[in-house]
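Remarks on the structure that follows.
2 protein chains.
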Amino acid sequence: MSDLYQPHSALELLRRFEGNVEARRHYLHERFERIREFDVQLRAMTALAELDATTQALDSVRGPLGGLPVAIKDIFDTHDLVTAYGSPIYADHRPASDAAIVTLLRRQGAVSIGKTATSEFAYMAPTPTRNPWALNCTAGGSSSGSAAAVAAGYAPFAIGSQTAGSTIRPASFCGVAGYKPTFGLLPTLGMKCFSWSFDTVGLFASCVRDVAHLAQALSGHRLAVSDLPGKPVFGLPDSYPWGSPSANAASVVDHAVHAIEAAGAVVTSVEFAPWMTEMTGAHATIQSYESFQSLGFEYDHRREQLTPMLRDFLNRAANVSTDAYIDACANAEAAKAALLTWFDGIDGLLTPSAPDEAPEGLTSTGDPAFSRNWTLLGAPCVSVPGLRGERGGPIGVQVIGRRGEDAATLALAAFVEETLKKA
Amino acid sequence: MSDLYQPHSALELLRRFEGNVEARRHYLHERFERIREFDVQLRAMTALAELDATTQALDSVRGPLGGLPVAIKDIFDTHDLVTAYGSPIYADHRPASDAAIVTLLRRQGAVSIGKTATSEFAYMAPTPTRNPWALNCTAGGSSSGSAAAVAAGYAPFAIGSQTAGSTIRPASFCGVAGYKPTFGLLPTLGMKCFSWSFDTVGLFASCVRDVAHLAQALSGHRLAVSDLPGKPVFGLPDSYPWGSPSANAASVVDHAVHAIEAAGAVVTSVEFAPWMTEMTGAHATIQSYESFQSLGFEYDHRREQLTPMLRDFLNRAANVSTDAYIDACANAEAAKAALLTWFDGIDGLLTPSAPDEAPEGLTSTGDPAFSRNWTLLGAPCVSVPGLRGERGGPIGVQVIGRRGEDAATLALAAFVEETLKKA
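Which chain is which? The protein sequence lines are A and B, in order.
So in our numbering, spot 256 of the first sequence is number 280, and the numbers just go up one at a time.
So in our numbering, spot 311 of the second sequence is number 335, and the numbers just go up one at a time.
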């Protein structure tokens, strides 16, 4: 285990800082030192705030985020820091304003320490970010830098995004809590769009209670973790239409199942409806059609500056017809409605967060298969940290809830997390 | 009547230009001359494209928009022209990329002649734009310049937007066709956001068939006007929860009713459900809550550069609670579902487009009352031109259809328009 792996609990820090301006100032300064010391190696950050300005900001902020540092995925506009969206096209781009989530962070009392590495336009091209737990492994993607920044203790909070599996997967690989809210819960305004039907703001923190606190502060919804009303009932899928998890990931889920059953949870086997299989294709169709418009300027005017991976994807996307898109959208809407009743009888699903631990090497960000359909369906997903795979690296278990039931989903995820800690 | 009032039919021009490159080049050059001659007075344009570059673009474009000039509301990003969103905050702003609708226009063969005046962030502060029909009157707002540009023959097409009544109202005042599609039909990406639940791309042209052609080219949906399948049934509201139209507007609607009845249409009196009254408040709540986030950067960092009108609006918006917002969104969703069945038995509604002809003076853009709820409900609306009020100015009648039934709504609107022409 690398000594770079040091996630810090936000709620603990908030308790420590209460009434102690000096302590939070000291903590902030230490974050900058840590980044300066380690990020040459880790490559999680793409731009760093100025220490003096950040310290000044710290002294004036008010709100439930209590002056805690936050790192922001470089897919969100910031008027005071270069915002490159992971692309050389925008290497020197300074947006004229801030993304809405950046405004909300500041209004709620967080201070930005800088921007984190993202795959090119939050698609699949790998970033140079290393996994703080094992430097020879990917941190996942596309929110590579945000997951790594929290895992490495650069900041107790980070903002990411998810269009397929860009929050849940890196959270799983880096051993931190990742939360993809119900579609639309947090504003995507000022986030570089890939697919407007799917783009979702994702949140990272050291643990589920932390991420729920952040989500409550930003959304205004009551999401802070509360006690479960009774014995929770988890659905455990008997198989996955998008392929099986590795034996490694399956055994981690088994371990979690035994632990939560021992703690009083009911775990019941569930089968996906046939439409679940089709949703993977619907995701591809909708994402392709929309990205050919949302990245239309870059494709039409700056094509030679796109990676071959993204250029090839957009070349194919150009061939998706409006009729195919309309059909896929209609099928997705029907599936979203059907999913609400499919959840009857269970409180949430328990699945792997990703097919395996973080793959070795930096040539791929891993496979979003276990997230893609949930993003399409708009359902809240939490990657719960705390478990290790057979190679010793972090591996998350995912709790998925009913669309709109984010508070219940976070409470379930916290139950899993705390049960695993005690087990 | 001012000689500035000269809308040009796009479909006619397309026929004229077929196989005649010189004619369309000549037409383009004439547009620039016209703008240079009249816009000192009219103030519809905020930025003009370069003639040489535009002529070059014209020679390379392909697609159903056939090299027709288009004017673009200055709420949409353009990488090659200043985009100020109607605010001094962005007086020199050159976006790094184009809005998706700009990409689509070019891909479908239109050429941009420049940007048109918008109210500050598409809210209510009046622009200096004059009404081409009567220079002492407002052109409406917030898409003031786009409606005026089409009315004055600067371009056969213009792009606008609508969050309350920003397309339908100026179309009515300027005597051109205005079309607010079903929510989500056209991408708002790269449009300065006011309220993401309502912001809709609006289209302007000289007549309904033109605007339907433009909408089909941009959306890929089959929207070009086709014959009605049978005798159309129009609902005529017996009263409006947002207030009565002027006697002037009411008599114009009466005139339209008599004409379409004579042409074989059935017009039946309809009553709004009680929830329709509440939707005006829901619109205010949702628009306020979202704009306090979407204009959060400007409110927090550039407040002194906002007009008092917008600043006061945002001061009040700051007090809208998340709970009130969640309630309003839930009520709006329920109303959207209820509206689909409320339309049973009628093909569309016929209402005034605005409470009256364009008001005199440039101190107000007029009242969006007859549009606001339909924007909230996501329903397609068309302002049909061709009628005059008692003061001699244009005044539109509005055809409203079921959400998602844009082709049928445009066909109904074309029926009204063509009936009025013959009457």
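Even glycine gets a Cβ: it sits at the ideal position worked out from N, Cα and C.
Predicted, not measured: the structure shown is a model, and the values here were computed from it.
Buried or exposed: Val440(B), going by 16 or more other Cβ atoms within 10 Å of its Cβ?
A buried status is given to Val440(B), since no fewer than 16 other beta-carbon atoms sit within 10 Å of its beta-carbon.
How would you call Gln65(A), buried or exposed, if buried means at least 16 neighbouring beta carbons within 10 angstroms?
Under the 10 Å beta carbon count, Gln65(A) is surrounded by fewer than 16 other beta carbons and is classified as exposed.
If you pair each beta-carbon of the segment 426–435 of chain B with each one of the segment 239–257 of chain B, do three or more pairs fall below 8 Å?
Verdict: yes, contact present.
Could you tell me the boundaries of the alpha helix (DSSP H) in which Thr399(B) lies?
Residues 393–400.
Taking 7 Å as the threshold (beta carbon to beta carbon), is Ser318(A) in contact with chain B?
Ser318(A) has a beta carbon lying within less than 7 Å of a beta carbon in chain B.
Comparing C-alpha positions only, which one of Ser395(A), Gly372(A), Gly385(A) sits nearest to Ala378(A)?
It is Ser395(A) whose Cα lies nearest to the Cα of Ala378(A).
Opposite Glu384(B) in the DSSP bridges: which residues?
Looking at the DSSP assignment, Glu384(B) forms a beta bridge with Cys161(B).
I want to verify the contact list: residues of chain E whose CB lies under 8 Å from the CB of Tyr114(A), in sequence order.
The structure shown contains no chain E; the protein chains it does contain are A and B.
On the three-state DSSP scale, how would you describe Val290(A)?
Correct three-state label for Val290(A): strand.
Using a Cβ cut-off of 8 Å, pull out every chain A residue sitting near Phe222(B), in sequence order please.
Ordered by position in chain A, no residue passes the 8 Å Cβ test against Phe222(B), which lies about 13 Å from the chain.
Mind listing the chain A neighbours of His117(B)? Cutoff is C-beta to C-beta under 9 Å, in chain order.
Per Cβ cutoff of 9 Å: Ala120.
How about Cys217(B) and Glu384(B): are their beta carbons less than 7 Å apart?
No; because the gap between Cβ atoms is not below 7 Å, this pair is not in contact.
Val50(A) classed as buried or exposed, judged by whether at least 16 other C-beta atoms fall within 10 angstroms:
Residue identity check: residue 50(A) is His in the sequence provided, not Val. Burial is judged here by how many other beta carbons sit within 10 angstroms of a residue's own beta carbon; His50(A) has fewer than 16 and is exposed.
N- and C-terminal bounds of the alpha helix (DSSP H) containing Gln65(A)
45–66 is the extent of the alpha helix (DSSP H) around Gln65(A).
Check Arg130(B) in the structure and name its three-state DSSP category.
The answer is helix: DSSP assigns Arg130(B) an H, G or I state.
At least 3 beta-carbon pairs within less than 8 Å: the segment 326–334 of chain A vs the segment 362–378 of chain A:
Too few Cβ pairs lie closer than 8 Å, so no.
In chain A, what lies closer than 8 Å to Glu21(B) by C-beta?
Residue numbering for chain B in the displayed model covers 25 to 447; residue 21(B) lies beyond these limits and cannot be assessed.
For Gly244(A), go through chain B and note every residue whose CB falls closer than 7 Å to its CB, in chain order.
Taking a Cβ-Cβ cut-off of 7 Å, the neighbours of Gly244(A) in chain B comprise Thr346, given in sequence order.
Tell me which residues share the same chain as Asp116(B) and place their Cβ nearer than 7 Å to its Cβ, disregarding the 5 neighbours each side in the sequence.
Taken in chain order, the residues that qualify are Val106.
Check the Cβ-Cβ distances between Pro150(A) and every residue of chain B, and say whether any is below 7 Å.
Judged by the 7 Å Cβ criterion, Pro150(A) is not in contact with chain B.
Could you name the residues of the same chain whose beta carbon sits closer than 7 Å to that of Val421(A), not counting the 5 residues immediately before and after it, in chain order?
Excluding positions up to five away in sequence, the list reads Val276, Val277, Ala280, Leu374, Pro376, Ser377, Val408, Leu411, Val440.
Report the rounded CA-to-CA distance for Glu285(B) versus Val291(B), giving the unit in angstroms.
The straight-line gap from Cα to Cα measures roughly 7 Å.
Starting from the Cα of Asp251(A), find the closest Cα among Glu442(A), Ala172(A), Val85(A) and give me that residue.
Ranking Glu442(A), Ala172(A), Val85(A) by Cα distance to Asp251(A) puts Glu442(A) first.
Report yes or no: do three or more beta-carbon pairs, one from the segment 365–374 of chain A and one from the segment 146–165 of chain A, lie closer than 8 Å?
With a cut-off of 8 Å, the segment 146–165 of chain A and the segment 365–374 of chain A do not count as touching, because too few Cβ pairs lie within range.
Is DSSP giving Phe222(B) helix, strand or coil here?
In this structure, Phe222(B) counts as coil in the three-state DSSP scheme.
When Arg193(A), Gln317(A), Arg131(A) are compared against Val85(A), the one with the closest alpha-carbon
Of Arg193(A), Gln317(A), Arg131(A), the residue nearest in Cα terms is Arg131(A).
Contact list for Leu128(A) against chain B, beta-carbon separation under 9 Å
Simply Gln317, Gly320.
Closest to Glu57(B) by C-alpha separation, out of Ala71(B), Arg67(B), Arg48(B), Leu75(B), would be which residue?
Closest by alpha carbon: Leu75(B).
Span of the beta strand (DSSP E), counted from its first residue to its last, around Gly202(B)
Taken as a continuous stretch (DSSP letters only), the beta strand (DSSP E) holding Gly202(B) covers 201–204.
How is the alpha helix (DSSP H) around Pro332(A) delimited, first residue to last?
Per DSSP, the unbroken alpha helix (DSSP H) holding Pro332(A) starts and ends at 332–341.
Proximal residues, the segment 184–216 of chain A versus chain B, C-beta separation under 7 Å:
Those residues of the segment 184–216 of chain A that come within reach of chain B (Cβ to Cβ, closer than 7 Å) are Pro211, Leu213.
Using 8 Å as the cut-off, can you tell me whether the segment 303–311 of chain A makes contact with the segment 25–44 of chain B, which would need three or more C-beta pairs spanning the two stretches below that distance?
Touching, no.
Excluding five sequence neighbours on each side, which residues of the same chain lie with their C-beta closer than 6 Å to the C-beta of Ala201(B)?
Around Ala201(B): Ala229, Cys231, Val232, Val235, Pro409.
Between which two residues does the alpha helix (DSSP H) containing Ala362(B) stretch?
Run containing Ala362(B): 346–366, per the alpha helix (DSSP H) assignment.
For my contact list, Pro256(A) and Ala289(A) are in at a C-beta cut-off of 8 Å; report their separation, rounded to the angstrom.
The C-beta distance from Pro256(A) to Ala289(A) rounds to 5 Å, short enough to fall under 8 Å.
Residue from Val406(B), Ala382(B), Pro392(B) whose Cα sits closest to the Cα of Pro156(B)
Nearest C-alpha to Pro156(B): Ala382(B).
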